[in-house]
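Enquirer:
Numbering (UniProt numbering), first residue to last: 1 to 396.
1) Would the beta-carbon of residue 217 fall within 7 angstroms of that of residue 197?
2) Pick from 377, 381, 296: whose alpha carbon is nearest that of residue 368?
3) Can you look up residue 143 in the DSSP assignment and give me helix, strand or coil?
4) Please report the straight-line C-alpha distance between residue 357 and residue 99, rounded to a whole angstrom.
5) Quick check: what's the CA-CA separation for residue 47 versus residue 276?
6) Thinking C-alpha only, which one of 310, 319, 321, 363 is nearest residue 338?
7) Note the first and the last residue of the continuous alpha helix (DSSP H) segment covering residue 303.
8) In angstroms with no decimal places, state the Cα-to-Cα distance between residue 212 and residue 242.
9) Please state if the CB of residue 105 and the CB of residue 215 are separated by a distance shorter than 7 angstroms.
10) So, at 6 angstroms on beta carbons, what are the nonlocal neighbours of residue 90 in its own chain, with the 5 sequence-adjacent residues on each side left out?
11) Leaving out five residues before and five after residue 195 in sequence, what residues of the same chain have Cβ atoms less than 6 angstroms from its Cβ?
12) Is it right to say residue 313 is buried, meaning 16 or more other beta carbons lie within 10 angstroms of its own, or is it exposed?
13) With a CB to CB cut of under 8 angstroms and the five nearest residues on each side skipped, what residues in its chain are close to residue 262?
14) Quick check: the region 159-173 against the region 372-390, are at least 3 beta-carbon pairs closer than 8 angstroms?
15) I'd like the list of long-range same chain contacts for residue 70, defined as Cβ closer than 7 angstroms, with 5 residues on each side in sequence excluded.
16) Please name the residue in 362, 25, 260 whose C-alpha comes closest to that of residue 292.
17) Helix or strand or just coil, what does DSSP make of residue 21?
18) When burial is assigned at 16 or more other CB atoms within 10 Å of the CB, is residue 406 buried or exposed?
19) Between the region 143-154 and the region 120-132, are three or more C-beta pairs nearer than 8 angstroms?
20) Along the chain, where does the alpha helix (DSSP H) that runs through residue 117 open and close?
21) Which residues does DSSP list as the beta-bridge partners of residue 412?
22) Which residues in the same chain as residue 62 place their Cβ atom closer than 6 angstroms to its Cβ, once the five residues preceding and following it in sequence are excluded?
23) Tell me whether residue 241 sits in a helix, a strand or coil according to DSSP, three-state version.
24) Under the rule that 16 or more other beta-carbon atoms within 10 Å means buried, what is residue 257, buried or exposed?
25) DSSP three-state call for residue 98: helix, strand or coil?
26) What span of residues does the alpha helix (DSSP H) with residue 252 cover, start to end?
27) Do you know offhand how far residue 193's Cα is from residue 42's?
28) To the nearest angstrom, how far is it from the Cα of residue 186 to the Cα of residue 173?
29) So who's on the other strand from residue 319, going by DSSP bridges?
30) How would you call residue 130, buried or exposed, if buried means at least 16 neighbouring beta carbons within 10 angstroms?
31) I'd like to check one pair, residue 30 with residue 249: are the Cβ atoms closer than 7 angstroms?
32) Specify the secondary structure class of residue 359 as computed by DSSP and reduced to three states.
33) For residue 389 versus residue 332, is the C-beta distance shorter than 7 angstroms?
34) Please report the distance separating the alpha-carbon of residue 222 from that of residue 279.
35) Please name the residue, chosen from 345, 264, 353, that lies closest to residue 315 on a Cα-to-Cα basis.
36) Pull up the DSSP beta-bridge partners for residue 64, would you.
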């Protein structure tokens, strides 16, 4: 735990760092700040091989200030003491910037060595944790394991920022209802943006959005030909700001494709921006399923499937159907403990698929069948690794 050594009986981070023997560099020139790498983080590689993302000192400081501005609107000075529980892996950009920025903002930091939900509840109670940053799979587990949570005093927990993957509005609402007094705020960002781009806040939020743009960030939305679209129009989201990466490590070609001549980062994410600068992310450009010309967003179908009481986790991918000569959606289902141990787990899965197909338009139905799996492969940040799923045998 990192905090005030006098008050909380732990050593201050500033005391710890001051005693370490390592080279120190003081960067005061703006050009050196812009061009000197601070971290090389790796993108999740969900649509290709992982790439080293070179983030400068200028990128990191800018994003700490951008996120800090948003955080300060949620925690006015002297309102209450903050204690943040760091759950995310620190080798990932989300967890890395969290670990660097929060002590600067005056928050105590409690760090979990490895994540375990029962231990998470224990730490919130023991350290009177006020806030944390999580990913949607953890939030979904918190909703479904509320009986375990009820065994602990979690009244200190005030807000949770969710990022790294889409969070369904139903999951957010269910969690806020289950954990009375907790606000769930969806954010959005990428490793390439150090990572924050937008965030919902208590006094400025919209259901289904990833929040308002952080300060000093510009956005444009483009169609497949690169033409800029107006507000409310769906296309690829592109961002420009002081937090956008320097480059991909030793990969000029990938850098050229990612950052255009005007300095905008092309995210590969599909969405739109409304008149109040709220960002809505509907899906990944390369993960869209095209069924007979209709575009199907896997995240939308996953959000519906997770509402079924016998689905613990799930993923949807597009597979090519040679008879229909088109892509069709296929579901990968992790059943609840009761359903997965039942003799007729396969019949349960069929029932879930039939239920699902009644909830959606005909072109979104699970024509690719289903697969019952023990777990959904995910990156450290919680993103579904869809390319690892399609090798599983199909059940129709």
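Ideal placement from N, C-alpha and C gives every residue a C-beta, glycine not left out.
Expert: Let me lay it out:
1) yes
2) 296
3) helix
4) 43 angstroms
5) Since pLDDT at residue 47 reaches only 48, below the 50 mark, its modelled position is unreliable, and no value is offered.
6) 310
7) 298-305
8) 17 angstroms
9) no
10) 96, 99
11) 93, 94, 189
12) buried
13) 240
14) yes
15) 199, 201, 214
16) 362
17) coil
18) Residue 406 is absent from the model: the chain starts at 1 and stops at 396.
19) yes
20) 117-127
21) No information on residue 412 is available, as it lies outside the stretch 1 to 396 that the chain covers here.
22) 242, 243
23) coil
24) exposed
25) helix
26) 252-258
27) 12 angstroms
28) 12 angstroms
29) 328
30) buried
31) no
32) coil
33) yes
34) 14 angstroms
35) 353
36) Looking at the DSSP assignment, residue 64 forms no beta bridge with any residue, so it has no partner.
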